[in-house]
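Beneath this line is the structure, given in structure tokens, with notes to follow.
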Amino acid sequence: MTNETFRVLCVDDEPGLARLVATHLERDADLDCETAVETRPDDALRRIERESFDCVVSDYDMPRLTGVELLSAAREVDPDLPFLLFSATGPADIAAEMVRAGVSDYVSKRGGADGYTALLRRVKRTAAGENGRFGARDADDLTEADVALDGVCTVAPDGTFEFVGEEYGALYGYAPEELEGEPWQRLHPETEVEHIETNVIPAVTDGERWTGASTGLRADGSRFAESKMVSATADDRLVISVSPLDAVRPVADD
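For the sequence shown, the numbering used here begins at 21 and goes up steadily by one.
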């Protein structure tokens with residue numbers, strides 16, 4: 021990003037919504053912003069190839085390319101381009117895609133005016149240089165490369181599992197349907213729950229992306245060392261990806 025006007029490319033196959041996003045961004049007095057609008061993802065990609073943008077705000081469900089597919093193509097042009105999804109598609113439905121592709125942030129369209137307020141806040145953070153990707157925050161000497169993204173889940177604002185991928189459930193010895201609707205605390209010993217509640221959740225709700233080591237609790241009562249990446253969406257959901265941490269000695273039971 022340069023010291024010049026912050027340039028945002030707004031992509032949505034519904035022209036009215038794309039222009040509405042652009043209008044909200046340009047009218048904010050605290051954001052020196054210039055926008056461009058594209059309604060076709062392939063046209064948006066060509067524009068990214070020709071011009072310089074500081075951020076992309078894109079819908080997910082579009083013809084020809086989804087927002088995540090557009091992101092993957094755009095990152096081949098600019099690997100560090102911040103990319104925000106502003107979509108009515110629920111995060112539980114695309115959690116694994118978002119994590120693997122490195123989406124910078126997700127904001128739900130379903131919130132009405134609150135959704136646009138949340139989007140504006142996230143774009144401002146990006147303009148201030150606070151951009152990241154799901155899982156891009158390092159902690160406890162782990163990096164994103166240490167996490168193989170074996171399993172992904174989303175946790176609803178009430179603290180219960182909303183979506184559980186098959187790989188995620190299998191790491192703990194459960195089928196997805198056995199965990200959905202259950203509190204996330206079920207998969208950690210009490211001391212680890214305290215650590216997550218005290219250190220991890222406050223960090224991600226403040227806008228950070230947390231990556232680190234933690235202790236998982238399997239259905240059979242055994243414990244294992246895991247590497248975990250945690251991010252929060254604008255509507256207070258958590259997106260979590262986990263992999264066994266083979267480099268760490270297995271945690272012994274008490």
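By construction, the Cβ of each residue, glycine as well, lies at the ideal position given by its N, Cα and C atoms.
Item	Value
Pairwise C-alpha distance: ARG67 and ARG130	28 angstroms
Buried/exposed call for ASP74, threshold 16 Cβ in 10 Å	buried
Whether LEU105 touches ALA64 by CB criterion (8 angstroms)	no
Cβ separation of ALA239 and GLY193, assumed to be a contact under 8 angstroms, to the nearest whole Å	3 angstroms
Cα-Cα separation, SER263 to TYR80	26 angstroms
Opening and closing residue of the alpha helix (DSSP H) in which TYR192 lies	186 to 192
Spatial neighbours of VAL181 in its chain, beta-carbon cut-off 7 angstroms, leaving aside the 5 residues before and after	The sequence shown places Phe at residue 181, rather than the Val named in the question. Cβ neighbours of PHE181 beyond the five flanking positions: CYS173, VAL175, LEU199, GLU200, GLY201, GLU202 and TRP204.
Opposing strand residues paired with ASP125 [DSSP bridges]	LEU104
Which listed residue (ALA233, PRO177 and ALA38) has its alpha carbon closest to that of LEU258	PRO177
Straight-line Cα distance separating PHE244 from PHE26	45 angstroms
C-beta contact flag for SER234 and GLU217 at 8 angstroms	no
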